[in-house]
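Position one of the sequence shown corresponds to residue 105 (our numbering), numbered consecutively onward. Virtual Cβ for every residue (Gly too), placed ideally from N, Cα, C. In what follows, a structure is listed as structure tokens, so that the remarks can point back to it.
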Amino acid sequence: MVAFDETAKRRIRFLTRRGLLELDIVLGRFMEKEFQNLNDEELSVFVALLDLPDPEFLALVNEKEKTDNPQFKSLLDKIRQC
Numbered sequence: 105m106v107a108f109d110e111t112a113k114r115r116i117r118f119l120t121r122r123g124l125l126e127l128d129i130v131l132g133r134f135m136e137k138e139f140q141n142l143n144d145e146e147l148s149v150f151v152a153l154l155d156l157p158d159p160e161f162l163a164l165v166n167e168k169e170k171t172d173n174p175q176f177k178s179l180l181d182k183i184r185q186c
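As structure tokens, then:
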């Protein structure tokens, strides 16, 4: 498992700046409320989500598309709650 230090967390914060306003808003709220509470496993899943193209990521957040990945589902629920 990857351990995330402060440098890695700053990089993740930078990666949350997206090309879609809707995604920026959702991720901004999530970063304010929950990001600091994520453990290393959840941070790894979050990075995997951030690697998705913006339209696909937004569709997952808005539940217009489904995922079979249980780790994605858990983190997506946290993102939606914000």
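- Spatial neighbours of residue 146 in its own chain (CB-CB distance under 7 Å, excluding positions within 5 residues in sequence) are listed in chain order as 179.
- With respect to the C-alpha of residue 167, the residue from 156, 144, 155, 184 having the closest C-alpha is 184.
- Runs of the alpha helix (DSSP H) lying entirely within the region 110-143 and spanning at least 4 residues, in chain order: 110-119, 125-137.
- Under the 8 Å Cβ criterion, the region 169-176 counts as touching the region 140-160, having at least three qualifying pairs.
- Boundaries for residue 170: no alpha helix (DSSP H) harbours it, and the DSSP string shows neither H nor E there.
- Under the DSSP assignment, residue 159 falls in the alpha helix (DSSP H) whose first and last residues are 158-165.
- Distance check between residue 164 and each of 144, 127, 115 places 127 closest, using alpha-carbon atoms only.
- The C-alpha of residue 141 lies about 15 Å from the C-alpha of residue 114.
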